[in-house]
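First comes the structure, then the notes that go with it.
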DNA sequence: CGGCCTACG
DNA sequence: CGTA
DNA sequence: GCCG
């Protein structure tokens, strides 16, 4: 399917990341002139003695020196990746050392180099002396796992043939989620979903790999490939082994194969994981029957918990959608009413991918309808694709739309001082036209902000900022974006499709709404994890100081600009104070804040690199 | 050894 | 408990 | 299970 987003990209035309990389700045040129080129006789001696030699190219990337032939050096990137050849003059020998990690760690030069922030394609050499300041202190740290992840790109199709592996990891994650009861449903027990989290992260790592696992297996064998995987963020012994099992055998006998047969998976010690890790809470969710649970939970309005109860019912188990359809009594006892009944009836239709023509018609119809409403500056409303439509370039089984306006909020006060929500008027119109199914017939889930006009932008008020409670920040509730989750009927084919509409609540929050609603879910979690590391909250509305970054200090320093050649900018925030929107007017700016003012995460500006 | 994303109805 |  |  083609990229139906063409012509609809809202923010700006994206240039390929590579073309935006800073070309050799004066600083970099000066650095390379300080670098002595590779001493061929010395390097050859090291190679002959089978000593490991590290070299660095003029752009700062580090490599193992593998061979010298035809006056060129064959190099393997330290952080994985395919071998490449470099002219000898372009390389500088960092060190020759025995193949033991301690030796590497003890070499002060290498430690220094490793500390350098190396964004893809641009980097500083180890020889550049950074000015000593609080700013560099914050920057001169070992990158965290989340940080390393966000430097990657996550294309829809990885160039290293990992489709089967990705599918297996996704399947494992889904089985874990459906058996354990879905993490978002249980915010008190996030930790108990560690397995699902592991698989989601492993999948993201695989999608972001810059080297081929199968090629590595062929050329270096299992042991060295395992080490390379373990050097990737979030992959340890356990998950690296599972990844290799899947690549080598097509499956993982301990987990995936057993899940697929409806059996409980085995843990690392070989024992059956009969229950999800909830025994300490008295819960007894079983890890058996995963495929049946997955099938039932895929029905709209049927959660993983309900699916689990149906499948695990000892007296009268329901093990498939077909069985549930044949049991109106059990259906009635679920209490879902007409919406669940409708979802079940049209379930197969709703799983079908939305054709590009229909996705575009949905966007056009929504935008035309909102502009035809009798509301202030109706013509300024804009609809764009978010979700999979934006990261993949084509729709999946649903279409996600974001509505925004450059001046207007998502609601306004009428003559009587009552709030009027754009989404309500829009949906009335779309239902009247027969495009959106009404709540009397089908799933039709609408959420509008309750407080927008009572306490406008509560997160900007002093009162709000003072409202810290024992368990997190209860009143960190933002005026949320109005939302609609429902069913669309195609005017062209009369087929039904899931549609999500989000109305950006305030114009300045648009970049946050775009970033959050574009996803992916895993990438959102990575970005939010990164924000936490910086003492910040990242939500769909703003970046806010958590207020506990440094003990004893009530403020949080945020580096919003640290690119070479620009004046560094650091912002000081009070506890729970949002970062002023003037610093975050685009997704790129948000990503830059998460990268401490650098362009380290610039790969992710392109939405099609966000398929994590 | 504590934390694991965040937000809403 | 449900939705993203 | 992995990370800081």
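Residue numbers (the working numbering): 6 to 617.
Ideal placement from N, C-alpha and C gives every residue a C-beta, glycine not left out.
Nothing here was measured: the structure is a model prediction, and the numbers come from that model.
Can you tell me whether DSSP reads residue i as helix, strand or coil?
| i | result |
| --- | --- |
| residue 495 | coil |
| residue 159 | strand |
| residue 432 | helix |
| residue 614 | helix |
| residue 318 | coil |
| residue 542 | strand |
| residue 78 | strand |
| residue 73 | strand |
| residue 566 | strand |
| residue 125 | With a pLDDT of 35 at residue 125, under the threshold of 50, the predicted position of this residue should be treated as unreliable, though the coordinate-derived value follows. Note: residue 125 maps to coil in three-state DSSP. |
| residue 308 | coil |
| residue 347 | helix |
| residue 149 | coil |
| residue 601 | coil |
| residue 581 | coil |
| residue 110 | Per-residue confidence for residue 110 stands at a pLDDT of 28, beneath the threshold of 50, marking its modelled position as unreliable; the derived number appears in the next sentence. It is helical. |
| residue 56 | Summary for residue 56: the model assigns pLDDT 43, below 50, so the residue's position carries little reliability; its value from the coordinates is reported in the next sentence. Reduced to three states, the DSSP call for residue 56 is coil. |
| residue 291 | strand |
| residue 7 | Confidence at residue 7 is low in this model, with a pLDDT of 42, below 50, so its placement is unreliable and no value can be given for it. |
| residue 215 | coil |
| residue 396 | helix |
| residue 230 | helix |
| residue 561 | strand |
| residue 453 | coil |
| residue 527 | helix |
Got a sec, what are the start and stop residues for the beta strand (DSSP E) residue i sits in?
| i | result |
| --- | --- |
| residue 180 | Not the beta strand (DSSP E): residue 180 falls in the alpha helix (DSSP H), residues 168 to 185. |
| residue 386 | 386 to 391 |
| residue 550 | 548 to 550 |
| residue 503 | 501 to 508 |
| residue 92 | 89 to 92 |
| residue 444 | Premise fails: residue 444 is in no beta strand (DSSP E) and is neither H nor E. |
Would you mind reading off the limits of the alpha helix (DSSP H) that contains residue i?
| i | result |
| --- | --- |
| residue 586 | Segment: none, residue 586 is in no alpha helix (DSSP H) and carries neither H nor E. |
| residue 370 | 361 to 376 |
| residue 208 | 199 to 212 |
| residue 352 | 352 to 356 |
| residue 334 | 333 to 338 |
| residue 523 | 515 to 523 |
| residue 328 | 326 to 330 |
Is any non-hydrogen atom of the ligand SAM found closer than 7 Å to the C-beta of residue i, if you look at the structure I gave you?
| i | result |
| --- | --- |
| residue 308 | Absence of the ligand SAM is noted for the structure shown, with no ligands found whatsoever. |
Does the beta-carbon of residue i have 16 or more other beta-carbons within 10 angstroms, so that it is buried, or is it exposed?
| i | result |
| --- | --- |
| residue 579 | exposed |
| residue 223 | exposed |
| residue 599 | buried |
| residue 177 | buried |
| residue 302 | buried |
| residue 418 | exposed |
| residue 604 | buried |
| residue 162 | exposed |
| residue 279 | exposed |
| residue 394 | buried |
| residue 146 | exposed |
| residue 487 | buried |
**Message:** Within 8 Å, do at least three Cβ pairs link the region 302 to 314 to the region 340 to 348?
**Reply:** A contact exists between the region 340 to 348 and the region 302 to 314.
**Message:** Three or more C-beta pairs under 8 Å: does that hold for the region 397 to 405 against the region 376 to 388?
**Reply:** no
**Item:** Unbroken stretches of the alpha helix (DSSP H), 4 residues or longer, contained in the region 236 to 289
**Value:** Runs of the alpha helix (DSSP H) inside the region 236 to 289: 242 to 254, 261 to 265.
**Prompt:** Between the region 510 to 521 and the region 537 to 546, are three or more C-beta pairs nearer than 8 Å?
**Reply:** yes
**Request:** Spell out a yes or no on whether the region 433 to 453 and the region 485 to 492 are touching, meaning 3 or more CB-CB pairs, one atom from each, closer than 8 Å.
**Result:** yes
**Prompt:** So, do the region 146 to 153 and the region 226 to 239 have three or more beta carbon pairs nearer to each other than 8 Å?
**Reply:** yes
**Prompt:** At which residue ranges does the region 398 to 434 contain complete beta strand (DSSP E) runs of 3 or more residues, listed in the order of the chain?
**Reply:** 403 to 410, 416 to 418, 424 to 426
**Asked** Would the region 197 to 204 and the region 313 to 321 be scored as touching if the rule is three or more Cβ pairs under 8 Å?
**Response** no
**Asked** Is the region 576 to 591 touching the region 556 to 564, taking contact as three or more C-beta pairs under 8 Å?
**Response** Taking a contact to require three or more Cβ pairs closer than 8 Å, the region 576 to 591 and the region 556 to 564 qualify as touching.
**Asked** Touch check for the region 354 to 367 and the region 329 to 336: three-plus C-beta pairs under 8 Å?
**Response** no
**the region 163 to 173 touching the region 290 to 300, judged by at least three CB pairs closer than 8 Å** = A contact is defined here as three or more CB-CB pairs under 8 Å, and the region 163 to 173 fails this definition with respect to the region 290 to 300.
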